[in-house]
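**Student:** Residue numbers (full-length UniProt numbering): 1 to 43.
We put the CB at the ideal spot given by N, CA and C, even for glycine.
From a predicted model like this one, the values you see are computed outputs, not experimental measurements.
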Amino acid sequence: IIFDRLEKRLMEMVLKETGGNQIRAASILGISRNTLRKKTKGK
């Protein structure tokens, strides 16, 4: 549970830094854009 919150927070921070660019954020995080979208859905 703690890891899930940490992971989501990291994704939100990277998305903010990239101006919401999901492709760039996913690349930085080393995951696919689809994975990023699934994990950040329902913020």
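(1) Whole beta strand (DSSP E) runs in the segment 13 to 41 with 3 or more residues, listed along the chain?
(2) Should M13 go down as buried or exposed, given a rule of 16 or more other Cβ atoms within 10 Å for buried?
(3) Classify I1 as helix, strand or coil using the three-state DSSP reduction.
(4) Once the 5 residues before and after A26 are set aside, which same chain residues still bring their CB inside 8 Å of it?
**Tutor:** Result, derived from the coordinates:
(1) none
(2) Taking the first residue of the sequence shown as 1, we reach residue 13 at position 13. Flag for M13 reads exposed.
(3) Walking along the sequence shown from the start, residue 1 turns up at place 1. Coil at I1, not helix or strand.
(4) Residue mapping note: residue 26 aligns to position 26 of the sequence shown, counting from 1. S32, R33, T35, L36.
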